[in-house]
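Residue numbers (this note's numbering), protein chains in the order written: chain A, 43 to 371; chain B, 84 to 244. Heads up, the thing below is written out as structure tokens.
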């Protein structure tokens, strides 16, 4: 039976600890919940003419007011590298106050010092709570942009959906500022908003002013393509003159610069008039490509010219397409 | 001034007669106890030095310091003896760290009493630790007697949890 006692012993003490903790400490970091009544009554015991008597004081009741506070944090680990397209900035809004409160959100893309300003497409709430924006799942706010009502100490992830303009050059940065303000009101710390607190008390602006902001940073990564074409001639006599029968080898260098990458890069060229494509001469980076439209990246014909599909190409890389033509008689 | 959220519930001084056989004029108790909740404000006194004044609290926020006071008065013509005022602390407040160290306190719901420095609590593992201000459950004052017509005030500071 001592074995049983040992088994249950720790269990019972855990329960006891939990009960003690709930009585001795506030339920939340922000303190006693707004609207809680503090009721104080004292009791006096005394002897009156030898008879023990007891009398209670009046009951003094005060109501805990609501402290309005808010914090906003950028959850992005660093600048969001983006191309000229859509990007998502992630923020967290926390209610450190002692009452349930919603917060009005404002996303400002025009921050002083920006190299470019994005367009804000929308502000969304992380409805499924996974920390990542899911199109069609996470609710895009409409009308007044307000968070759901956050319980004391609760937090919510907010996405700011932006579009990067075409004017953004490689390496340019832009700040987007998200501001959250308590719906009940904000102002200088200590400002009292009479009767507006949760539970019927006043609302009192806390040390944050009930208004906070944070910035997310975008870094524009733009890749650009430069094509450089050159020709080498080899005439039938071993020279480099352009005469009928001369073979001309064209080289097209696709140089991708900047940062990031370009997508769906295709290099095409026509066969010059008065020349004829040399079948089987098409090559990419010195590797031969077949002329037919097949699994490899290239096609070539006298009438259609040449086409080489390079696809996604990272900045900093150079691809070299070569093909031969002969000068017609 | 805060009248909306401060209700001074009209003296519903519940009289509990512990001596049922009492044909005496004991219907009204000899002593009345009138409580209040104030906050302290430092003002410039008449002599130009800072003085602390009790005022109606402007707000009641977590972390705010309040003064719980009890004003007692012996309105009868008799001396009352063995006078003890006991004030249980509402759960939402804790005794302020700057409370008078001489206050007689309980950390176990009023079973055992003493100065804070002499009180301890049992940990779940059977060891004990010194009690802290946040552990205090009751405050009390013991007076040997109150002369007819005399009155007084006892008070202690608390902080809203």
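Here a beta-carbon is modelled for each residue, glycine too, at the ideal position from N, C-alpha and C.
Looking at the strands, I want to know which residues DSSP matches up with residue i.
i: residue 201 of chain A; result: A:132, A:166
i: residue 175 of chain A; result: Its beta-bridge partners do not exist; DSSP assigns none.
i: residue 156 of chain B; result: B:115, B:234
i: residue 299 of chain A; result: A:266
i: residue 241 of chain B; result: B:149, B:178
i: residue 132 of chain B; result: Answer is none; residue 132 of chain B lacks a bridge partner.
i: residue 209 of chain A; result: Note: residue 209 of chain A sits in no beta bridge, so no partner.
i: residue 192 of chain A; result: A:143
i: residue 126 of chain B; result: B:134
i: residue 150 of chain A; result: A:219
i: residue 329 of chain A; result: A:326
i: residue 185 of chain A; result: Paired residue(s): none; residue 185 of chain A is not in a bridge.
i: residue 197 of chain B; result: B:188
i: residue 315 of chain A; result: Its beta-bridge partners do not exist; DSSP assigns none.
Check the C-beta distance from residue i over to residue j and give it rounded, since I have them as a contact under 8 Å.
i: residue 126 of chain A; j: residue 210 of chain A; result: 6 Å
i: residue 255 of chain A; j: residue 221 of chain A; result: 4 Å
i: residue 235 of chain A; j: residue 226 of chain A; result: 6 Å
i: residue 250 of chain A; j: residue 111 of chain A; result: 5 Å
i: residue 218 of chain A; j: residue 260 of chain A; result: 7 Å
i: residue 296 of chain A; j: residue 360 of chain A; result: 7 Å
i: residue 333 of chain A; j: residue 322 of chain A; result: 6 Å
i: residue 146 of chain B; j: residue 73 of chain A; result: 6 Å
i: residue 248 of chain A; j: residue 77 of chain A; result: Contact flag wrong, Cβ pair sits at about 16 Å.
i: residue 108 of chain A; j: residue 243 of chain A; result: 6 Å
i: residue 223 of chain A; j: residue 146 of chain A; result: 5 Å
i: residue 172 of chain B; j: residue 216 of chain B; result: Contact flag wrong, Cβ pair sits at about 10 Å.
i: residue 184 of chain B; j: residue 198 of chain B; result: 6 Å
i: residue 176 of chain B; j: residue 80 of chain A; result: 6 Å
Note the first and the last residue of the continuous beta strand (DSSP E) segment covering residue i.
i: residue 165 of chain B; result: 163-171
i: residue 350 of chain A; result: 347-356
i: residue 305 of chain A; result: 303-311
i: residue 220 of chain A; result: 215-224
i: residue 139 of chain A; result: Here residue 139 of chain A belongs to no beta strand (DSSP E), and DSSP marks it neither H nor E.
i: residue 178 of chain B; result: 176-178
i: residue 122 of chain A; result: 122-124
i: residue 94 of chain A; result: 93-98
i: residue 85 of chain A; result: 85-90
i: residue 158 of chain A; result: Neither: residue 158 of chain A is in no beta strand (DSSP E) and is coded neither H nor E.
i: residue 366 of chain A; result: 360-369
i: residue 139 of chain B; result: No beta strand (DSSP E) contains residue 139 of chain B, which DSSP labels as neither H nor E.
i: residue 115 of chain A; result: 113-116
i: residue 105 of chain A; result: 102-105
i: residue 82 of chain A; result: 79-82
i: residue 343 of chain A; result: 340-343
i: residue 323 of chain A; result: Looking at the DSSP string, residue 323 of chain A is not in any beta strand (DSSP E), and its letter there is neither H nor E.
i: residue 188 of chain B; result: 187-189
i: residue 109 of chain A; result: 108-110
Once you ignore the five residues that flank residue i on each side, which residues in its own chain have a CB closer than 6 Å to its CB?
i: residue 265 of chain A; result: 298, 300, 302, 303, 304, 357
i: residue 187 of chain B; result: 196, 223
i: residue 162 of chain A; result: 149, 151, 204
i: residue 84 of chain A; result: 99
i: residue 119 of chain B; result: 152
i: residue 213 of chain A; result: none
i: residue 288 of chain A; result: 275, 277, 369
i: residue 348 of chain A; result: 311, 324, 342, 365
i: residue 121 of chain B; result: 137, 150
i: residue 97 of chain A; result: 86
i: residue 197 of chain A; result: 134, 136
i: residue 189 of chain A; result: 135, 144, 145, 198
i: residue 63 of chain A; result: Note on residue 63 of chain A: pLDDT 37, under 50, position unreliable in the model; the coordinate value appears next. Excluding positions up to five away in sequence, the list is empty.
i: residue 270 of chain A; result: 295
Residues in the same chain with beta-carbon distance under 7 Å from residue i, minus the five sequence neighbours each way, listed in chain order, please.
i: residue 190 of chain B; result: 202, 204, 214, 218, 219, 220
i: residue 317 of chain A; result: 290, 367, 368, 369, 370
i: residue 144 of chain B; result: 243
i: residue 235 of chain B; result: 155
i: residue 88 of chain A; result: 95
i: residue 226 of chain B; result: 166
i: residue 169 of chain A; result: 179, 180, 181
Only counting the same chain, and skipping five residues up and downstream in sequence, which positions put a Cβ closer than 8 Å to that of residue i?
i: residue 162 of chain B; result: 228, 229, 230, 231
i: residue 273 of chain A; result: 290, 291, 292, 293
i: residue 57 of chain A; result: Low local confidence applies: a pLDDT of 39 at residue 57 of chain A is under 50, so the model's placement there is unreliable, with the coordinate-based value given in what follows. Cβ neighbours of residue 57 of chain A beyond the five flanking positions: none.
i: residue 128 of chain A; result: 163, 203, 204, 205, 206
i: residue 192 of chain A; result: 135, 136, 137, 142, 143, 144, 145, 198
i: residue 238 of chain A; result: 108, 226, 227, 244, 245
Sequence ranges, beta strand (DSSP E) only - wholly within the segment 199-233 of chain B, length at least 3: Counting only runs of 3 or more, we get 203-205, 211-213, 221-229.
- prompt: In the segment 227-285 of chain A, which residue ranges form an unbroken beta strand (DSSP E) of at least 3 residues, counting only runs that do not cross its ends?
  reply: Considered as a whole, the segment 227-285 of chain A harbours 245-247, 253-262, 265-276 as its complete beta strand (DSSP E) runs of no fewer than 3 residues, in chain order.
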